[in-house]
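Comments concern the structure below.
Chains as they are written, first to last, in full-length UniProt numbering: chain E, 1 to 633; chain W, 1 to 118; chain Z, 1 to 519.
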């Protein structure tokens with residue numbers, strides 16, 4: 001491991017910060033403004049990519065405020081940026097995807113003729129700046145600085161719509177993220193600084209495989225070390241949307257789709273998962289986490305990783321189940337994100353090298369697939385103003401390429417072979433298998449959630465391609481109350497008891513017959529998906545989650561004559577189609593040739609560094625305790 | 001207790017004065033009386049300073065004398081503090097005059113009502 | 001550094017006189033506007049401006065000397081410190097001196113156009129500045145009382161110079177409580193004098209550990225602490241402060257909010273650490289617990305009350321209660337890190353509040369908004385003011401890199417080092433509490449469009465001409481804002497962020513003082 005002083009990590013952070021200034025300055029000329037965005041994205045990726053060969057061959061690029069300018073950030077704490085393998089994984093991903101997102105965002109914002117576009121693009125560029133800062137942060141304080149700034153600059157994006165719903169979502173967003181950052185993370189950082197100061201020179205700098213001083217201090221003060229661990233995990237867990245800290249994510253979907261796509265599926269939430277990776281791999285290290293047992297009454301002593309793994313396993317199952325019941329497409333995707341992020345946390349907390357590789361590779365794998373899905377959702381919104389799955393029957397005709405890409409992304413989420421998600425899940429399963437013992441439970445959750453993924457994403461594809469506007473099946477899980485619908489058989493008696501709305505109720509049954517097609521298609525594709533204004537079958541419809549902009553809901557759905565048929569090249573502007581196609585292709589490439597597509601290589605390099613081996617092959621076939629012994633050596 | 005009263009009666013008296021001053025400030029609704037309370041309170045502290053500088057049989061520090069002399073420092077301090085106290089009272093009274101001309105009352109409760117009405 | 005050193009050599013004995021000049025000049029000059037006003041019109045600003053510039057350069061020269069060579073100590077009139085008056089510019093006090101000099105100069109730039117003006121204002125202003133510098137420099141506990149009263153006197157006058165009758169009521173309330181606070185402090189001084197026979201801080205520090213009557217010393221501490229808690233506006237003794245801040249003229253509030261309570265809080269720290277010393281603080285039963293409790297309760301109460309305020313100035317006033325709570329709590333932790341944190345937060349909070357209150361003044365002139373609701377749409381209509389306010393608010397929350405974070409880092413670290421977990425929890429939670437009221441304003445400024453409904457002043461007769469009172473977007477008088485007013489706000493915002501990188505530098509600069517106190 002060679003450390004080279006270089007200004008490149010700083011340049012990678014600053015390039016989009018400078019773009020912020022330029023974007024604001026050229027607010028009168030939208031083309032120039034978007035030009036800056038793209039230029040910054042491309043140069044950011046170029047700077048990050050220029051470090052990639054070096055990092056893969058074992059060089060670490062470092063820039064520090066104290067060494068370069070002689071300014072000490074806090075007493076005993078340096079403000080330092082450092083391009084190591086783990087950081088590169090996240091930085092490469094975020095900066096690469098930003099290039100396409102910036103085109104897409106231009107297409108999206110113009111397509112909708114949004115207000116405050118300058119603020120939007122400026123905040124977007126600033127978010128990328130801070131995300132790369134998180135990636136390259138060399139110590140806990142630096143990562144905290146960027147983590148807080150990220151919360152701050154993404155707030156304008158969440159509250160972008162400036163209506164009541166957006167403001168409420170923004171408030172919730174600020175509360176959650178600042179609770180995570182300003183309270184938990186800061187407290188954890190201070191604790192680490194204090195713990196290390198009790199045995200030597202206080203430090204918060206990351207070390208592959210865990211901080212040595214912390215390991216020493218943890219022997220003396222195991223209780224405080226455990227508390228600090230959970231504080232840090234909770235701090236990053238908020239952004240990684242680990243339950244019970246997840247609910248901001250679904251609300252943040254009021255933001256424009258490029259934000260939901262790049263930030264709330266890639267940059268922001270991944271910064272949380274990435275932080276968890278830093279804490280597990282480079283603050284505590286797998287060895288310390290495993291050896292610092294937590295005594296649980298009734299069960300005995302378990303490693304610190306076990307509670308985290310359990311929470312993650314619970315999150316990914318529960319979020320998948322919730323996702324099935326969401327009719328708003330972006331919300332469904334948000335819960336899917338919650339679930340998928342917990343894969344990463346789960347993989348990391350299993351500590352086994354294979355599981356860790358799988359988790360790290362899941363960061364890009366999920367990013368590509370989920371970004372595709374969000375881009376598709378955004379394209380649908382721009383072109384047809386449709387947000388609800390139930391209104392998308394037959395939309396495959398209208399947007400063939402978009403929906404095909406959606407199908408690819410959905411398959412990737414579910415972990416179908418040949419798509420990125422499979423590779424990462426495969427490694428995680430391997431890891432769980434090698435650990436053995438009680439960890440079969442986690443392997444089981446992984447498999448179960450694969451099924452659940454199909455259950456909530458396949459209906460979208462099915463609705464789009466295999467249903468038509470006038471022949472739209474009701475989705476039992478989504479639209480009926482739990483445990484089936486009693487009134488399907490006795491509808492008339494039941495509903496009539498509520499008096500005034502008997503007419504509507506009558507409609508509800510009548511539309512089952514074929515005569516009412518025209519009427520049903522007109523506004524509501526199907527009686528079962530009639531939105532909240534028909535409160536007739538109160539309990540029935542009420543169970544469908546109808547958050548989201550109600551006006552949009554009314555304007556959505558197929559036009560009077562059904563969807564028109566369009567060719568894949570005419571369905572939207574190229575600004576939106578091209579990014580979708582590229583990202584979807586990327587997801588496939590990652591799935592077919594993961595070895596040549598850089599990310600897997602970076603992930604294995606990280607694990608090699610953490611476990612202190614020359615090549616990943618040395619770790620092959622080791623059980624968890626054997627692998628942990630490798631670190632100790 | 002008795003002994004304390006007998007030997008340290010000055011301090012006890014001064015603390016009673018101190019208490020009266022505070023009580024006036026808190027309990028009296030009249031703004032002028034509140035200011036009087038503040039003055040009383042301050043005077044108690046000044047006297048406290050003087051009392052503690054007292055030396056049995058000592059003479060005033062101004063006059064050159066044989067034998068014990070009372071400590072001059074507290075007296076200097078009190079002179080300064082009196083000046084400061086007077087300035088405070090003057091400013092306070094000026095404010096009271098202004099309040100009276102604006103609201104036509106000196107009572108705090110009335111004042112509260114008047115202001116609440118506005 | 002060597003160039004600074006040679007420059008200081010050239011100045012020679014002049015630096016030694018600086019502590020005296022810093023106090024005497026403004027106080028003497030305070031008479032000038034009134035005196036000259038008898039003959040000439042409009043001399044006040046010139047006099048004040050020249051003095052302010054002189055004070056800033058003097059403070060900077062003093063800082064250069066103190067931070068390169070160590071403390072500057074001056075015995076007034078050459079009398080020995082046992083009964084003479086000593087002025088001490090050490091690492092701790094110099095930080096406050098620089099703050100006082102620069103902020104008061106900045107406020108002067110603001111009031112040139114923003115008001116209040118007039119010779120009496122300038123007199124009171126100079127008197128206040130002199131008093132505050134005196135509080136920072138004095139090395140004598142009784143002298144401290146005198147300077148406290150001088151600055152308070154000027155503050156009462158300045159607050160009362162507001163337009164409405166409300167300001168007189170607020171000033172009188174402040175006067176009564178402020179005088180009581182100072183008098184209680186004086187009582188404490190009397191006890192100290194009784195126990196030790198000296199009033200000089202350095203002498204007291206030597207005499208207190210050996211004093212026979214420790215009861216007297218403890219009583220002295222109790223009185224002094226309560227006196228300062230009143231002056232610093234700690235809950236539940238804060239009642240004077242919100243109305244004083246709210247009803248003071250817009251140009252005066254930055255001065256009062258940024259400096260007056262700061263100087264008192266500084267004095268509390270000075271007395272606690274220089275006079276009583278860490279050993280006394282830790283060895284006296286329940287002492288630190290009480291101090292810490294007062295501080296933490298103030299953090300909680302201040303923030304909670306701030307959240308429910310409608311008037312922006314009042315909201316920021318309650319915010320001060322909570323921020324000073326942080327400082328008092330840090331004092332109570334009695335360790336080096338927390339003390340450094342308290343000092344940084346004193347300076348940082350002063351800077352941020354000066355900027356924020358100046359911004360409030362700016363907005364009320366140029367946008368006609370005083371309540372949180374009226375701030376709607378500020379970002380689109382007054383982007384510079386909104387941007388600077390937002391930056392300052394965010395800095396106040398403690399988002400890094402800003403000075404608010406630096407203070408919180410050290411105080412939080414101090415609490416953890418002291419293993420005072422409840423305090424640590426409150427300190428870390430204070431981020432959320434601060435966020436609760438700042439986010440409200442941020443949301444109004446940036447994400448709430450200005451609507452006629454929200455904009456109309458309910459108290460003002462809007463539709464006198466039969467109109468519907470709409471079209472408030474061009475309310476306020478944008479032209480009434482001078483460069484100086486905007487500059488103060490923007491410079492404060494930039495400074496708050498720039499100082500966020502000075503965490504290490506602060507620590508180093510304060511180190512000589514801190515290590516001496518905690519040896």
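Glycine included, C-beta positions come from ideal geometry on N, C-alpha and C.
What does residue 428(Z) touch in chain E if you count any residue whose Cβ is under 7 Å from its own?
Under the 7 Å cutoff, chain E gives 183, 186, 187.
Suppose only complete runs of 4+ residues qualify. What are the alpha helix (DSSP H) ranges in the stretch 580 to 615 of chain E, listed by chain order?
599 to 611, all fully within the stretch 580 to 615 of chain E.
According to DSSP, simplified to helix, strand and coil, what is residue 183(Z)?
If DSSP states are grouped into helix, strand and coil, residue 183(Z) belongs with the helices.
Is it the case that the Cβ atoms of residue 315(E) and residue 338(E) are separated by a distance below 8 Å?
Against a cut-off of 8 Å, the Cβ pair of residue 338(E) and residue 315(E) comes out as a contact.
Does any residue of chain Z have a CB that is nearer than 8 Å to the CB of residue 98(W)?
Chain Z, which has a Cβ nearer than 8 Å to the Cβ of residue 98(W), makes this yes.
Counting pairs of Cβ atoms below 8 Å between the stretch 356 to 373 of chain E and the stretch 581 to 596 of chain E, do you hit three or more?
Yes, they touch.
Contact defined as beta carbons within less than 8 Å: I believe residue 371(E) pairs with residue 99(E). What is the distance between those atoms, to the nearest angstrom?
With 8 Å as the limit, residue 371(E) and residue 99(E) do not qualify as a contact, their Cβ atoms being about 12 Å apart.
Once you ignore the five residues that flank residue 184(Z) on each side, which residues in its own chain have a CB closer than 6 Å to its CB?
Only 223, 226, 227 meet the Cβ criterion.
Could you confirm whether any beta carbon from chain Z is found closer than 8 Å to the beta carbon of residue 194(E)?
It does: the Cβ of residue 194(E) has a partner Cβ on chain Z nearer than 8 Å.
Within its chain, find whatever has a CB closer than 6 Å to the CB of residue 194(Z); leave out the 5 residues flanking it on each side and keep chain order.
Closer than 6 Å at Cβ, skipping near neighbours: 216.
Among 27(E), 19(E), 50(E), which residue has its Cα nearest to the Cα of residue 36(E)?
Of 27(E), 19(E), 50(E), the residue nearest in Cα terms is 19(E).
Hey, quick one: how far does the beta strand (DSSP E) through residue 61(E) stretch, first residue to last?
Segment 59 to 64, the beta strand (DSSP E) holding residue 61(E).
Provide the residue span of the alpha helix (DSSP H) that contains residue 115(W), from first to last.
From DSSP, the alpha helix (DSSP H) with residue 115(W) extends over 108 to 117.
Between residue 416(Z) and chain E, is the shortest Cβ-Cβ distance under 8 Å, so that the two count as touching?
Cβ-Cβ to chain E under 8 Å: yes for residue 416(Z).
Inspect the beta-carbon positions of residue 613(E) and residue 209(E) and report whether they are closer than 8 Å.
Their beta carbons are not under 8 Å apart, which means residue 613(E) does not touch residue 209(E) by this criterion.
Quick one: what does DSSP say residue 278(E) is sitting in, helix, strand or coil?
Here residue 278(E) sits in helix by DSSP.
Which residues does DSSP list as the beta-bridge partners of residue 140(Z)?
Answer is 200(Z).
Put residue 31(E) into one of helix, strand or coil per three-state DSSP.
Residue 31(E): helix per DSSP, three-state reduction.
Tell me whether residue 62(W) sits in a helix, a strand or coil according to DSSP, three-state version.
Looking at residue 62(W) - three-state DSSP - the assignment turns out to be coil, as it is neither helix nor strand.
Can you pull the chain W neighbours of residue 175(Z), defined as C-beta to C-beta under 9 Å?
The contacting residues are 35, 38, 88, 91, 92, 95.
Given 7 Å as the limit, tell me if residue 274(E) has its C-beta closer than that to any heavy atom belonging to the ligand MG.
Ligands displayed in this structure: none; no statement on the ligand MG is therefore possible.
What does residue 102(W) touch in chain Z if you count any residue whose Cβ is under 8 Å from its own?
In chain order: 165, 168.
In chain order, what residues of the same chain have a beta carbon less than 8 Å from the beta carbon of residue 43(Z), not counting five sequence neighbours either side?
So the list reads 32, 33, 36, 37, 119, once near-sequence residues are dropped.
Helix, strand or coil: how does DSSP classify residue 54(W) here?
DSSP places residue 54(W) in coil when its eight states are reduced to three.
Can you pull the chain W residues whose beta carbon is under 7 Å from the beta carbon of residue 194(Z), in chain order?
By Cβ distance, chain W contributes 52.
What separation, rounded to the nearest whole angstrom, lies between the Cα atoms of residue 520(Z) and residue 302(Z)?
The displayed coordinates of chain Z run from 1 to 519. Any statement about residue 520(Z) would go beyond what the structure contains.
Can you pull the DSSP bridge partners for residue 292(E)?
Paired residues: none, contrary to the question.
Return no unless some Cβ of chain W is closer than 8 Å to the Cβ of residue 57(Z).
By this cut-off, residue 57(Z) is not an interface position.
Counting only runs that start and end within the stretch 36 to 117 of chain E, where is the beta strand (DSSP E) found for 3 or more residues in a row?
Within the stretch 36 to 117 of chain E, the complete beta strand (DSSP E) runs of at least 3 residues are 59 to 64, 80 to 83.
For residue 319(E), collect the residues of the same chain with a Cβ closer than 6 Å to its Cβ; drop the 5 residues on either side in sequence, then sort them by chain order.
Within the same chain, residue 319(E) has close Cβ partners 335, 338, 339.
At the 8 Å Cβ level, is residue 29(E) part of the contact set with chain Z, yes or no?
Chain Z contact via Cβ: absent.
Would you say residue 170(E) reaches chain Z, if we count a Cβ-Cβ gap shorter than 8 Å as a contact?
With 8 Å as the cut-off, residue 170(E) counts as an interface residue toward chain Z.
Under 8 Å between C-beta atoms, does residue 72(E) make it to chain Z?
Yes, contact with chain Z.
At a CB-CB cut-off below 9 Å, which residues of chain W make contact with residue 120(Z)?
Going along chain W, no residue has its Cβ under 9 Å from residue 120(Z), so there is no contact; the nearest lies around 12 Å.
Kindly say whether residue 338(Z), judged by its beta-carbon, lies nearer than 8 Å to any beta-carbon of chain E.
Taking Cβ atoms only, chain E never reaches closer than 8 Å to residue 338(Z), which makes this a no.
Please list, in chain order, the chain W residues whose beta carbon lies closer than 9 Å to that of residue 149(Z).
Here the neighbours are 81, 84, 85, 87, 88.
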